[in-house]
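J.:
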Amino acid sequence: MFFKSIELRGFKSFVDETKMVFDEGVTVIVGPNGCGKSNIADGLRWVLGEQSAKSMRGAKMEDFIFNGSSTRKPTGFAEVSVTISDLNGSISSQPYSEYEEIAVSRKLYRNGDSEYMINKVPCRLKDIVDIFLDTGISVRSLSIIEQEQVTRIINSKPDDRKVFIDEAAGIMKYKQRRNTAMNKLALGQQNLLRIQDILAELERQRNSLNRQAKKAERHRVFRDEIKERGLAHFATDFQERAKSLDEHSIRLDELKQDEASLQAELSTNHNKLESLNAGISDEEKAVADIKEEKSRIESTIERNNDHRGLLSRHIEEAKLTRKNSIDEIEQVESETVRHDDEINQRRVELSSLETMIDEKMEEIERLREEVEQAQSELHDRREKLEEGSRITLGIMEEISSKKHELSSIKTKVEMAGSTINSLADKESQYSRDASSARERSGGLGERLIHLKVEFDGETAKVNETKNSLLSVNAELSSVEKETWSLSEELAKCQSKLESLEEFERNFEGYGEGVRKLMKLKEEGADELSGVRGLLAKGAKVAPEMEVALAATLGSRLEAVMMDNSSNMLKAIMTLKKEKLGGASFVSADLAPSNGAKAPERVEHPALIGRASELFTFTGDSPSNIKELLSHTLVARDFTGAMEIWNLEPGGFTVVTTDGEVIDTAGFVTGGLAKTGAAGIVSRKRIIEELGERINELREDKQTAEDKRGRLAESKQEQERKLDATGREARRLELEIVEITNEIGKADEELKRNSAYIDSLKAEKEALIAQTKSLSEELDARAGAIDRLNDRKKEADAQKEAMQTAIKQASSDLDILRGRLQDKELDITESRGRHDGLNLDIKRLEGIMAGHIARVQRLKDSIEDLKRKSGEMEESIESMLNENVGLAREKDSLKENIDVINEALAEKTGESEEIGKTIRGLQTRLNDIQPVITEVALKKSETEMRIENIIEKADTEFNIPVEDLENLDVSAIDMEEVTERLNFLRGQLSKMGDVNLSALEEFEQIDKRWQFLKTQRDDLVASIDTLHKTIESINATTNKMFKETFEEVSKNFEATFKRLFGGGHAELRLVQEEGKPEPGVEIMAQPPGKKNQSMNLLSAGEKAMTAIALLFSVFMTKPSPFCLLDEIDAPLDEANIVRFRDMLMEMREKTQFIIITHNQKTMSFGDRLYGVTQEEEGISKILAVDLHDERAHAPNAA
């Protein structure tokens, strides 16, 4: 797998769409500071899902959208796309596992909206993160390392460094799944608590709704009767109002006919008066028009006189103007002749000046040719001088390069000497280290044995605590189930008890008459003061005898007990009067004084006993009930009952426990088992039993809850104990691992020190030979530098001669240019005079043209004045004639005005007579209108009452108007109907608020309760599954991390020694306080140093340590891709070479992209990208394939 390409558009400085193609191997990106190189790294980090703007050198995400420059407008979005190729099934996330190439895109708009896409299909950020988790690439791993991140890697906390090991182990996706599972677990536990609370609340609502549904049924019965009574009430009122409305309508129609007759007569007189007034108005208007016409004629005569005077003055003025124009024409013609002479003189002078200009132009052209020739010669000499300068510069660069090589060789010789001197010190140091390692290994071995014993003890405690916790959990689960079961049974019993008590209060099961009579008794009716209660209320009997009692007494069981027959009569009259139905009564004063003697007891196997012995009643039960029971026997079955009755036929009544009855007359009643009467008796017993059961359940539930509390406390104690012992066991385990590693390291150090001592001798001999070779090379470089200095002296001499020649040629060229400039100034002055003469001629010609036009305009004006004077004289004559005619017309109009005024006086008198008639008719009309208004108000009031009746009938009972019209109300007693309605409404009012939708709500609540109960069971199972999943993930990740850490630690030590040429480095696991997992600590000691802190390392050493960690991780699990942003900046030349060697080894498995300024680093890239800013603030890309350049280099040479 490798990164195929990256595309940026509108991202930071990459405003235009920019695509960079990456091949396998090493790609190098170079460019000056501030050109946008690091923006490529930011773009890659951004598209991988980075959410921190600060980590990409921004304050907020909008900072990454191109914000404009001096030549470009801001863009509306930023977009980065990355294409990954050659996947070969490395991605497990569906549906991308079968793809060989995937394009991932991220787009951010300026309004804050963002888009994520995979293969141009919208997706979630989580989908992109899952894809890259499979590849080991993420924004937090070592796949992207910037210069500042090197310091962060070294100085970061151990817990943060652990991420790199997790990435190498491939457990990040497992951790993500564990976190997801833990979130789901927490959410599931919260949901379980909510569901349990909701279930308890729903149970309470179910019980309440059950009672409300029964109350709603009684409410419906009352409402139906109220509607029936309301129809009769509203129909009667409606029909009476409708009859009154008809009477008012007839009276109103008669009054309106009289009003219409008066209005018609009044209208006729009004029309006559209006017609007469119209005639008067016309004549008055005619008089006004004639007067207006007379006034107009007088005004016209006056205006004509004024106009005649004005025209006479205009004629005099025209004569004066004509004389002035003739004088001006003579003056203008004289000036025109003078200007024509001046123009001829200027033209002669212009011809002479043009001849002189032509001669000077020929001389200027000759001088220009000489200047161009001199410039060409000077240019050739300067090119030769530049060529000489380039040669000299090349020699100087070669000298500088040789001197640099010479300095490098001297440095190597000095380093070799220093290294040889330090080898002896290292040899003695290694010997001392070996001795120390032996002693340390022995002491650690003893400590290890002691720790293993402690660890075994703590492990046994952990297992014991786990078993105890499992036992407590099992017992707690059992108690919780028992508590839940008790709660359910308690709720059911309470609901049933409330229903039965409601039935008992409402006398359900009794006849209608009994129920209504007892309700009236409760309401305090005076006529029912003698009611003592119901017979059934005082019955006490064994449960198996309830049916037998109901069969014995039958309807008498519902009898109302009265204190005397007088009060009983009042109760019966109340039933009749209120039409409440029928009822049975029993009174003490109506019992027989001496009843028949009870028959002797018979003996039979089926006989249970006498009814008076089996059935008892509390309080003072009437003697006639006792008499009845004493003549009744109870048998076990019907066959036995028949045999008992036959022992003494007609002597007693026999009943069975199933309800069959054989009376004294021999009539048999059967098939009435479990009658309604039995329910009345058993209901009281069930209420008592339910009360006792509820008390027992409450005690049991409280006991269970107390036990659950104790178990919960025990569970918490066990969990605390398990947590404490677990932490101690993990601490011991880590210490055992650490000591084991220390022992292994000590043994390895012994072997390593021996190998170092052997290699030091070989290294010393190699260094001596290398020093000799370097000395020879040093002499050769010094000779080459001397030869280059001689060549430089020759080039400097040639350059100085050429500079002298250029100086002389430049002086000659300046003289020629001065002469040319003088001639050009002279010709410019002549041309100025030439242009001035032309302008003067044109000015004079313009003046002459103006004079000619002025003469013509004056001549035209004289002719126009002659014509206008003739026209004005004609107008004066016409006005004199018009004034004579207007005077005659004025006299005629005065005579017409006198005739019209006489006719107008006659019509005014007739108008006054018609006005008197109209006023009489209006008086009569005003008298009749208040009567009409009064009748109309009564009719309107009646209509409003009818509408009110219709609206109330519709609103209260939904009764249509047709039913009000069609109902026969002749037999309806309104007083009785109104009284009954008031009673029914009172009953409804006493019922209070009624939930009419209780039945439907109860069904919905019950369905929801069943659904939530199922959901609760599913949640319990899901939570158990999540616990098992988390435990499995923890076990897997711990194993993978341990194996990977050991391998990375081993690789880190070897890589560090290779990059530093020795020294010591290792990775250690450390347990930070408050952290659930151990972190990774780095210990690094470059050769010759015994640092105790990483902060004491130089910037270069920190960078090399970070690179060693990077390569050690890649050696364990090669990353398909790595971007390094200027991490080589702190490295010197020698370390750059080591860095290159390691990079070349890793390039086969990892694709590297390096952003750098270092020429050495550039040299080992396979492909080179240059980032420039030709346009200010806009980054551009230039690409060079170094494979092709290297392939063509020999041919080019």
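In terms of full-length UniProt numbering, the sequence shown opens at residue 1 and continues consecutively. For each residue, glycine too, the CB sits at the ideal point set by N, CA and C. Remember, predicted model here, so these are calculated numbers, not experimental data.
1) Measure the alpha-carbon distance for L865 versus G832 and round it to whole angstroms.
2) Could you pull the DSSP bridge partners for P32 from this structure?
3) Less than 8 Å between the C-beta atoms of R367 and R819, yes or no?
4) With distances taken from CA atoms, which of K1042, K294, S1098, I785 is nearest N741?
5) What's the gap between the Cα of L553 and the Cα of K481?
6) Tell me whether A746 is buried or exposed, calling it buried when 16 or more other Cβ atoms sit within 10 Å of its Cβ.
7) Evaluate the contact criterion for the region 677-697 versus the region 508-519: three or more CB pairs, one atom per stretch, below 8 Å.
8) Using the rule of at least 16 other Cβ atoms within 10 Å of the residue's Cβ for burial, across every protein chain shown, is S1179 buried or exposed?
9) Once the 5 residues before and after I395 are set aside, which same chain residues still bring their CB inside 8 Å of it?
10) Using the three-state DSSP reduction, which class does S85 fall into: helix, strand or coil?
11) Please name the residue, chosen from M879, A766, H604, that lies closest to I420 on a Cα-to-Cα basis.
12) When you compare the region 1112-1120 with the region 182-202, are there three or more beta-carbon pairs, one atom per stretch, that lie closer than 8 Å?
13) With a threshold of 8 Å between beta-carbons, can G524 be considered close to chain B, or not?
14) Applying the criterion that 16 or more other CB atoms from any shown protein chain within 10 Å of the CB defines a buried residue, is L87 buried or exposed?
15) Please report the straight-line C-alpha distance between S55 and D1125, rounded to a whole angstrom.
16) Pop quiz: M568 and G530 are said to be a contact at Cβ under 8 Å. What is the actual Cβ separation, rounded to whole angstroms?
17) Throw me the rounded Cβ distance for the L469 and Q718 pair, which I believe falls under 8 Å.
18) DSSP three-state label for L672, please.
19) Express the C-alpha separation of G915 and I932 in angstroms, rounding to a whole number.
20) Counting along the chain, where does the beta strand (DSSP E) carrying E101 start and finish?
21) Tell me whether the beta-carbon of H307 lies closer than 8 Å to the beta-carbon of M872.
22) Check whether the Cβ atoms of I928 and L255 sit closer than 8 Å, and answer yes or no.
23) Below 8 Å, can you find three or more Cβ-Cβ pairs linking the region 1080-1088 to the region 1049-1066?
24) By how many angstroms is the C-alpha of V654 removed from the C-alpha of E699?
25) Using the DSSP secondary-structure output, state which residues sit across from E342 in a beta bridge.
26) Under the rule that 16 or more other beta-carbon atoms within 10 Å means buried, what is A536, buried or exposed?
27) Where does Q1159 land, buried or exposed, given buried means 16+ other C-beta within 10 angstroms?
28) In terms of DSSP beta bridges, what is A460 paired with?
29) Along the chain, where does the beta strand (DSSP E) that runs through R124 open and close?
30) Report the residue from A1183, D973, V472, V514 whose alpha carbon sits nearest the alpha carbon of D237.
31) Pick from L628, L590, G640: whose alpha carbon is nearest that of V602?
32) DSSP beta-bridge partners for T656?
33) Looking at I1155: is its Cβ nearer than 8 Å to the Cβ of S38?
34) Quick check on DSSP: helix, strand or coil for K1149?
35) Less than 7 Å between C-beta atoms, sequence neighbours within five positions excluded: which residues of the same chain meet that for S244?
36) Look up residue 1213 in the DSSP assignment and give the residues it is bridged to.
T.: With the structure as the only source:
1) 49 Å
2) None; P32 has no bridge partner.
3) Note on identity: in this sequence residue 367 is Leu, with Arg being the wrong assignment. The answer is yes: Cβ separation under 8 Å.
4) K1042
5) 47 Å
6) buried
7) yes
8) buried
9) L788, R791, K792, A795
10) strand
11) A766
12) no
13) Note that chain B does not occur in the displayed structure, where there is just one protein chain.
14) buried
15) 14 Å
16) 7 Å
17) 4 Å
18) With a pLDDT of 48 at L672, under the threshold of 50, the predicted position of this residue should be treated as unreliable, though the coordinate-derived value follows. Looking at L672 - three-state DSSP - the assignment turns out to be coil, as it is neither helix nor strand.
19) 26 Å
20) 101-109
21) no
22) yes
23) yes
24) 45 Å
25) In the DSSP output, where bridge partners are listed per residue, E342 has none listed.
26) buried
27) exposed
28) DSSP lists no partner for A460.
29) No beta strand (DSSP E) holds R124; DSSP gives it neither H nor E.
30) D973
31) G640
32) A635
33) yes
34) coil
35) T942
36) Residue 1213 cannot be examined here, being either before or after the span of the chain that is shown, 1 to 1197.
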